[in-house]
Every structure is written in structure tokens, then in C-alpha cells.
Amino acid sequence: MATNAEVITSSEGEVFDIELETDILRVNKELALENHRVMREHGITSIDVMGSVGSGKTSLIKAMVSILKNRYRIAVIEGDVTTTIDADLIAEENVPTVQVNTGKECHLDANLIKKALARLKLNELDLIFIENVGNLICPAEFPLGSDKRIVVISVTEGPYMVVKHPMMFIEADTVAINKIDLAQVMEVDPSKLRNDIATINPNACVVPISCRRNDGIVEVGRSLGLD
Ligand code: MG
Ligand code: ZN
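In my numbering, the protein residues as written are 64 to 290.
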């Protein structure tokens, strides 16, 4: 796209502490594999839920827990910088919930998930939802060891959140487009979002939803193999 703005791009090696960062990502990957193995050994399916602040991650998890908790023994790991607002909401569903406060960090990492798993009775679980910190950038770089990854976006975030954050969508199994009932008011075209997602990741399953109206929740579950 043509632009009149002056553009500065950071090139390889220019970022501070590049070696340190590579090391962190490598260790994170190893821990993620370990988390995955531990959950697999216990027959647990795990789902990493990512998306911006306010996209509806907690609402979607709560709605899914509500319809799936009769068939699966579920726990939720809630990532947040400081608060327990989301964990308190999920607790209304009477499922085990672990709050992980990241402090300054804007994403969950595999080490935090390892600690959270140690707090759960894994023998008594079939399914774990992990709500990542609201952020569309770095969670993509930090696998946690989950089986599936879902990105929740909403039409209230405007028309460009997919093209601006391609890395988030590359490895997503499902993308839920939330607040679909507000699409017209927001003048956001959901089919344009769908095309943007398909261009980045043709394998992602795209599901329009409205958590407020409880629409599309079952379909999200099905797209993740939860029936
Ligand atoms: Mg939330
Ligand atoms: Zn981060």
C-alpha cells in the first residue's frame, strides 16, 4: 500500500538483547513441550485463548464452560497483568480456576503455565482453557503447550486488526469474530475480516459469534473438536 509516511524498520540484530531473547524463546519452547506432555499423560485437552483486551476472551470461555461442563471436567487458567476480575467471573461457573498474574509481562509463558498446572488436580480434568493476557502481539511467540489456539477478535476493534497482527493468526486453529451483532453499527464488514484471515492462514476455522447473545458458542466448540 502506498504511504507518504516515513517508515523505519528494525533490522535483524538491531533489537537490544537479541541473544537473550533467542534464549528465552528456546527455553520457553522446551517448557511448552513439557507442559504438553504432562497434560497429554493425563488425557487433558488444552486450549490457549488469545486476543486483545476487551475482545471477549473471558466471555467466550465462560460461555463455553457453561455448555461443556456437563460433558468435560474443566479448569481455567486466567492470565492477567494484575487483577482477578476474569477469574472471579469464571468462578461463577464452579470450575477450578487458577489466576496467573504476570506483573509487568504482557503475555503468558510456558513457565507460568507449568506453575499453574502444579496447582490443579490433573487427574480430575479433561479440558483446560488458558486465557492469555490481552495482547495481539507477543503471545504468538510464546507457545504454552496447548493443543489448540484460538484468537478472539471483535468488530469493535475496527477493520484492520487482522492485517496489522498477522503473526497472531498464522498458528490459530480457530478465529472467533465476536460482537458480530454490532458489525453494522461499527461499519465493519465481517467478510473482509474473514478474507484477511484466510489470506494469512487458510486453515483457520473462522466462526462469527456474539457472546452477548450466546450465538456461535457451540460452533466454536465444534471447530476445536469439542462436542
Ligand atoms: Mg479477559
Ligand atoms: Zn508480551
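Every residue, glycine too, gets a C-beta built ideally from N, C-alpha and C. A quick note: this is a predicted structure, and the numbers were derived from the prediction, not measured.
Residue i (DSSP reduced to helix, strand or coil)
i, result
"phenylalanine 205", "coil"
"aspartate 111", "strand"
"lysine 125", "helix"
"proline 265", "coil"
"asparagine 164", "strand"
"arginine 212", "strand"
"glutamate 282", "helix"
"threonine 146", "coil"
"serine 118", "coil"
"proline 159", "coil"
"isoleucine 191", "strand"
"asparagine 198", "strand"
Inter-residue Cα distance where the pair is residue i and residue j
i, j, result
"leucine 183", "glutamate 250", "43 Å"
"alanine 261", "glycine 197", "23 Å"
"alanine 154", "alanine 138", "10 Å"
"glycine 221", "leucine 171", "25 Å"
"valine 158", "aspartate 149", "13 Å"
"asparagine 133", "aspartate 290", "11 Å"
"glycine 279", "aspartate 259", "20 Å"
"aspartate 244", "asparagine 277", "11 Å"
"serine 129", "glutamate 156", "7 Å"
Residue i CB to nearest heavy atom of the ligand ZN below 7 Å
i, result
"glutamate 168", "yes"
"asparagine 198", "yes"
"cysteine 201", "yes"
Whole-number beta carbon distance between residue j and residue i, since they are thought to touch under 8 Å
i, j, result
"asparagine 241", "valine 215", "6 Å"
"threonine 160", "valine 144", "At roughly 17 Å, the Cβ-Cβ gap does not stay under 8 Å, so threonine 160 and valine 144 are not in contact."
Residue i: CB within 7 Å of a non-hydrogen atom of the ligand MG
i, result
"glutamate 194", "yes"
"aspartate 151", "no"
"threonine 121", "yes"
Any non-hydrogen atom of the ligand ADP closer than 7 Å to residue i Cβ
i, result
"glycine 142", "This structure lacks the ligand ADP; its bound ligands are the ligand MG and the ligand ZN."
Subject >> the region 121 to 130 touching the region 84 to 96, judged by at least three CB pairs closer than 8 Å >> reply: no
Original post:
Counting Cβ pairs closer than 8 Å, one from the region 101 to 109 and one from the region 175 to 194, do we hit at least three?
Top reply: yes
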